[in-house]
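Below is one structure, written out as structure tokens; the observations come after it.
Numbering (my numbering), first residue to last: 44 to 459.
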């Protein structure tokens, strides 16, 4: 009998491009749920009897609060039961509450549904970071996160336009219905193509002492906490912009028809920056890129504040300066996230949930406070973004013990 020649069996699961696409779609579902209904806020307010315009911002903030708070739960669950089962639960909640939002009879019901949608989407955020950390580390992780953030932060280019297109042919509840359908489509894709990335021998039991120790490690590690706080401040600036943008175009510039176009152009700066970061991060390092971009973010905030406070604000200065600010944000977000996770590989799920809980909950609250200061001018947003930039700088200085612009990160091999 002749010996058979062994034929190599290709590894199961998606290759690198599909893996990045899966992670990006997890992030995109969250971004769509934040931005797609921005053009519909006036219609929602009219239909559900919302008297105060600033109160409509709760449609955004309620989702973000549910999204932020629930992350603290998913991390330990993902470390115990694996990534995929927890992902399926989160997607189920996302779909269920999306349908409830579409049929909400009152504003209070809509807000509760938005909180529920955020709770479901929290699994996507925690698991996206955890799954990437299961497979990669160091600069390769930063590259994957940056490519994924290209979609997550680029989705706002299309999300308000998608919402407007839906409004052109159907009433506003269909925006939430489309989100539920998108969640269902991704659920099928992930069920078929996404493998379990947490090895059975690496699963951790749910014990109060172990979870407390993991959270304590994530929250007391100088670099993890420093960059988490920096990302919190940056998130506050981003959510301040999202909360205020619709009212700025409708009320300050009286250009509601230009809202989706200009919003897309400004958000496009984030997408371009994320793609550029993905190309440069392995050569230059996360710190050099993100620290330089943070200086640019602060500079743009200061210039924008000066322009609007001296009465020189126009729709064009707003678009250019806010677009450059978002470009800087795109060079920062993925790098800050990956640096916060650098030393957290052994507790990736728990660390990701702790970091996400802080950055999203506190960041959305900060963004809501900025949005609530809207007074018919751009000044509250410009000043709020500037303050967020300085807060982020203070946190980075804490994380790096006063050292900025280090050109290179330690090279780390991919996690096996």
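Even glycine gets a Cβ: it sits at the ideal position worked out from N, Cα and C.
Which term fits residue i, buried or exposed, when burial requires 16 or more other beta carbons within 10 angstroms of its beta carbon?
i: residue 94; result: exposed
i: residue 385; result: buried
i: residue 378; result: buried
i: residue 60; result: exposed
i: residue 446; result: exposed
i: residue 313; result: buried
i: residue 203; result: buried
i: residue 98; result: exposed
i: residue 290; result: buried
i: residue 89; result: exposed
i: residue 428; result: buried
i: residue 300; result: exposed
i: residue 45; result: Its pLDDT being 46, under 50, residue 45 is placed unreliably by the model, and nothing is read from it.
i: residue 353; result: exposed
i: residue 92; result: exposed
i: residue 255; result: exposed
i: residue 250; result: exposed
Suppose the cutoff is 7 angstroms on Cβ atoms and the five residues either side in sequence are ignored; what does the same chain contact list for residue i look like?
i: residue 130; result: 166, 170, 233
i: residue 276; result: 431, 434, 435, 438
i: residue 258; result: 393, 397
i: residue 345; result: 429
Can you name, in chain order, every residue of its own chain whose Cβ lies under 6 angstroms from the Cβ of residue i, other than the five neighbours on each side?
i: residue 396; result: 114, 115, 117, 118, 169
i: residue 274; result: 379, 402
i: residue 266; result: 442
i: residue 371; result: 336, 339, 340
i: residue 68; result: 229
i: residue 270; result: 379, 382, 383, 442
Which residue's Cα is closest to the Cα of residue i: the options?
i: residue 212; options: 99, 83, 399; result: 83
i: residue 349; options: 426, 237, 376, 261; result: 426
i: residue 138; options: 335, 390, 228; result: 228
i: residue 248; options: 78, 102, 125; result: 125
i: residue 172; options: 151, 383, 336; result: 383
i: residue 351; options: 253, 339, 365; result: 365
i: residue 73; options: 134, 57, 174, 127; result: 134
i: residue 405; options: 210, 280, 127; result: 280
i: residue 419; options: 296, 215, 122; result: 296
i: residue 338; options: 369, 389, 309; result: 369
i: residue 448; options: 355, 328, 346; result: 328
i: residue 78; options: 286, 217, 246, 86; result: 286
i: residue 121; options: 96, 57, 320, 245; result: 245
Going by the C-beta, is residue i closer than 6 angstroms to any heavy atom of the ligand ADP?
i: residue 253; result: With respect to the ligand ADP, the structure offers nothing, as it holds no ligand at all.
Near residue i, what residues of its chain come up, given a Cβ to Cβ distance below 8 angstroms and the 5 sequence neighbours on each side ignored?
i: residue 201; result: 307
i: residue 341; result: 429, 432, 433, 436
i: residue 154; result: 101, 102, 105
i: residue 315; result: 370, 373
i: residue 400; result: 111, 112, 114, 115
Compare the C-beta of residue i against all C-beta atoms of chain D and say whether one is closer than 7 angstroms.
i: residue 77; result: Going by chain labels, chain D is absent from the structure shown, which holds only one protein chain.
Given 8 angstroms as the limit, is there contact between the stretch 409-422 and the stretch 113-126, that is, 3 or more CB pairs closer than that? Between the stretch 409-422 and the stretch 113-126 there are fewer than three inter-stretch CB-CB distances shorter than 8 angstroms, so the stretches are not counted as touching.
Within the chosen definition, does the stretch 220-229 reach the stretch 140-150 through at least 3 CB pairs nearer than 8 angstroms? Yes, since at least three Cβ pairs between the stretch 220-229 and the stretch 140-150 fall closer than 8 angstroms, the two stretches touch.
Given 8 angstroms as the limit, is there contact between the stretch 304-314 and the stretch 361-370, that is, 3 or more CB pairs closer than that? yes
Are the stretch 316-333 and the stretch 362-376 touching by the rule of at least three beta carbon pairs closer than 8 angstroms? Flag = yes, the stretch 316-333 and the stretch 362-376 touch.
When the Cβ atoms of the stretch 145-164 are set against those of the stretch 89-107, are three or more pairs found closer than 8 angstroms? yes
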